[in-house]
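When we follow my numbering, the leftmost residue of the sequence shown carries the number 429, and every step to the right adds one.
Every residue, glycine too, gets a C-beta built ideally from N, C-alpha and C.
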Amino acid sequence: MRIRGRYVAGLFLSVLAAGCAPAEQATAEVAPAAVGETAPAEAASEAAEAAQPAAMATAKTRACMIAGEFEIMGQRIRSRDCLQAGADVPEDMHRQMCESLAQGSAQIGTGKAGEVAYMDACPSPNQGSCKGMFGQPSIHAFYYERSSEDLATLPASCQMAGGTWEG
429 MRIRGRYVAG LFLSVLAAGC APAEQATAEV APAAVGETAP AEAASEAAEA
479 AQPAAMATAK TRACMIAGEF EIMGQRIRSR DCLQAGADVP EDMHRQMCES
529 LAQGSAQIGT GKAGEVAYMD ACPSPNQGSC KGMFGQPSIH AFYYERSSED
579 LATLPASCQM AGGTWEG
């Protein structure tokens with residue numbers, strides 16, 4: 429049973445790590461602009477900043493609850509975990525992480541994708557949390573409805589993910 433919990437926790441962290449990986453930066457050569465002229469990259473950047481809604485500057489914490497069931501190694505596992513990100517994490521990155529985790533249920537066992545519900549913050553109380561995952565100080569995972577065996581494997585998994593376990 430302990431192996432199953434470690435396996436599931438490891439898969440959860442792998443899927444989450446894929447979502448947290450920094451996107452590869454494009455490397456395009458741009459001719460230098462003449463004196464007093466705006467370079468194309470700068471102009472595009474300025475236009476993108478101008479197009480940002482004011483709400484983005486004051487964005488707040490976001491969270492997603494991922495709930496589902498899947499079967500792995502003959503065991504049916506109910507999963508209900510919440511991923512919370514601070515305002516410094518782009519909204520599209522947060523949504524991508526949430527959707528990737530939800531798809532993880534279908535990919536790691538004989539189950540369907542987990543259901544995702546978006547909210548302002550993960551609810552309390554929880555059974556435990558992993559804070560500051562993957563070098564991202566504002567990415568936290570909160571765990572609910574875990575068996576005692578599964579819960580016992582989470583502190584080590586959290587540490588492997590670079591986080592700090594609280595629970």
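Worksheet item: Can the beta-carbon of Met-493 be found closer than 8 Å to that of Met-561?
Response: Cβ atoms of Met-493 and Met-561: not closer than 8 Å.
Worksheet item: Would you report the Cα separation of Ala-549 and Leu-529, rounded to the nearest angstrom?
Response: Straight-line Cα distance between these residues: approximately 17 Å.
Practice prompt. Would you list the one or two residues that DSSP bridges to Gly-591?
Written response: For Gly-591, which the question treats as bridged, DSSP gives no partner whatsoever.
Practice prompt. Specify, as a first and last residue, the run of the beta strand (DSSP E) that Ser-507 falls within.
Written response: Ser-507: member of the beta strand (DSSP E) spanning 503 to 513, first to last residue.
Fill in: beta strand (DSSP E) runs wholly inside the segment 514 to 571, at least 3 long, in chain order
Every beta strand (DSSP E) stretch that sits fully inside the segment 514 to 571 and reaches 3 residues is listed by chain position as 543 to 547, 556 to 559.
Discussion item. Per the DSSP calculation, Cys-492 is bridged to which residue(s)?
Written reply: Answer by DSSP bridge pairing, in chain order: Leu-511, Tyr-546.
Worksheet item: CB-CB under 6 Å to Ala-392, same chain, minus the five flanking residues each way: which ones, in chain order?
Response: Given a span of 429 to 595 for the chain in the structure shown, any question on residue 392 remains unanswerable.
Worksheet item: Which one of Ala-495, Thr-592, Ile-536 has the shortest CA to CA distance from Glu-543?
Response: Of Ala-495, Thr-592, Ile-536, the residue nearest in Cα terms is Ala-495.
Worksheet item: Between the Cα of Ile-500 and the Cα atoms of Gly-591, Tyr-572, Ile-536, which residue gives the shortest distance?
Response: Per the Cα distances, Ile-536.
Practice prompt. Could you have a look at Glu-573 and say whether DSSP puts it in helix, strand or coil?
Written response: DSSP places Glu-573 outside both helix and strand once states are collapsed to three, so it counts as coil.
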